[in-house]
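Residue numbers (this note's numbering): 17 to 101. We put the CB at the ideal spot given by N, CA and C, even for glycine.
Shown next, in the form of structure tokens:
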């Protein structure tokens, strides 16, 4: 498995796609049945993500890329991610 990890700010949210801004670039993340979405270690629905939240996304790049996980960053991790923009 080859994964890419992206860190960015939630730009828009739907049940099928979350778009984040990573270093100024819009990155659409497809939401599938196998995608885990987490806030504070708890599973949430993708539609519970809020615009402006800092997130880390893990995307499998083998074959048709798919988003494995989106985790909301909190505290120090969110502040570090905001500085990287």
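Contact between residue 33 and residue 47 holds, since their C-beta atoms are separated by about 6 Å, short of 8 Å. A straight line joining the alpha-carbon of residue 43 with that of residue 85 spans about 14 Å.
For residue 58, the beta-bridge partners assigned by DSSP are 55. Less than 7 Å divides the Cβ of residue 55 from the Cβ of residue 88. Here residue 46 is bridged, per DSSP, to 33. Looking from the CA of residue 40, the closest CA among 22, 50, 77 and 75 belongs to 22. Around the beta-carbon of residue 20, fewer than 16 other beta-carbon atoms lie within 10 Å, marking it exposed.
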